[in-house]
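Visitor: Have a look at the structure that comes next, please.
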Amino acid sequence: MVGIVIASHGVFCEGLKSSTEMIGGTIAQCTAVALQPGEDPDAYGERLCKAVDQMDDGHGVLMLIDLRGGTPFNRSIMLTREKHIMLTVGANLPMLLSVALGRHEDSTLEELAALAEKEAKESIGTICFNRQ
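Here is the structure:
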């Protein structure tokens, strides 16, 4: 099964995983790797690498990243050279919930990455109520 690694600045990723599990139940083969304030980027990169290795059973790992250009993103990009991973940026609750509930033993990494991106785009919107 494709593994999932959620990476973020601070504990956002841990909260995202916890909220998803509150709604959809325990997520197998999924972990969160939070960048701590003041943490050395190299040390964080090593923790990300270990998490990817732990979540990868040979089918690859989908990484859900909070923000393009930050340390979690930059360190994850570096892993794409040597690991079977794909990154989806802009991690949010609907995205993780959709991936977690839509993932099956025969799901491919590419299918899950496309699902994550689709859900992210569809979940963002503005609701305006007319007051008269």
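Residue 1 is where the sequence shown starts when you use the UniProt record's numbering, and the numbers rise one by one after that. C-beta atoms are modelled at their ideal positions from N, C-alpha and C, and glycine is treated no differently.
In the structure shown, what three-state DSSP assignment does Met55 receive?
Guide: If you number the sequence shown from 1, residue 55 lands on position 55. It is helical.
Visitor: Apart from the five residues just before and just after His84, which ones in its own chain have a Cβ nearer than 6 Å to its Cβ?
Guide: Numbered from its first residue, the sequence shown carries residue 84 at position 84. Around His84: Gly60.
Visitor: According to DSSP, simplified to helix, strand and coil, what is Val99?
Guide: Taking the first residue of the sequence shown as position 1, residue 99 is located at position 99. Helix.
Visitor: Measure the C-alpha to C-alpha separation of His104 and Met1 and round it to an integer number of angstroms.
Guide: Locating residue 104 in the sequence shown gives position 104, where the first residue counts as 1. Locating residue 1 in the sequence shown gives position 1, where the first residue counts as 1. Answer to the nearest angstrom: the Cα atoms are 7 Å apart.
Visitor: Taking all protein chains shown into account, do 16 or more other C-beta atoms lie within 10 angstroms of the C-beta of Ser8, making it buried, or fewer, making it exposed?
Guide: Translated into positions along the sequence shown, residue 8 becomes position 8. With 16 or more Cβ atoms within 10 Å of its Cβ, Ser8 is classed as buried.
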